[in-house]
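Take a look at the structure set out below.
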Amino acid sequence: MPRFLVYAPDYPDYLEKRLAVRAEHLARAKLDDNAGIVLCSGPIVPRPGTKAREASLPEGTPNIAGSFMVYQMDTLEQVLDRLKEDVIAQLGRNIAMAFPRYNWCMM
């Protein structure tokens, strides 16, 4: 089955919106993990030297600038449909960043 790498950086000043729906986002991500359709995923941290990277956040607040996911699904359309269901994407993040049929090896 094909694997699709999704790189989804957030827009600037998006962290507060992201954190407001994070629990719901993570609950759905857990369902995807249990279903075996997401092989790995995680946050992207802000680039060094950027305003976001230097932001002073309350203790325990993750500094996230986007996400990456590797989905295992039959088609790119299935991946895009799944991404459209994500609460973070529904806030307005650009989700049209899926790269189809990426053949790779993890070591």
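Counting from 1, one number per residue, gives the positions in the sequence shown under full-length UniProt numbering. Cβ coordinates follow ideal geometry from the N, Cα and C atoms, glycine included. On a predicted model such as this, the values are computed, not experimentally measured, just so you know.
- In the three-state reduction of the DSSP assignment, Ala8 falls in the strand class, which pools E and B.
- With distances taken between CA atoms, Gly60 lies nearest to Leu19 out of Leu19, Leu31 and Tyr11.
- One Cα belongs to Pro9, the other to Thr75, and the distance between them is close to 22 Å.
- Pro46 is classed as buried because its beta carbon has at least 16 other beta carbons within 10 Å across all chains shown.
- For Ser67, the pairing in a beta bridge is given by DSSP as Ala8 and Pro43.
- Per DSSP, the beta bridge partners of Gln72 are Arg3.
- In the structure shown, the three-state DSSP call for Val21 is coil.
- C-alpha of Asp81 to C-alpha of Ala65: approximately 22 Å in a straight line.
- Val38 is bridged by DSSP to Tyr71.
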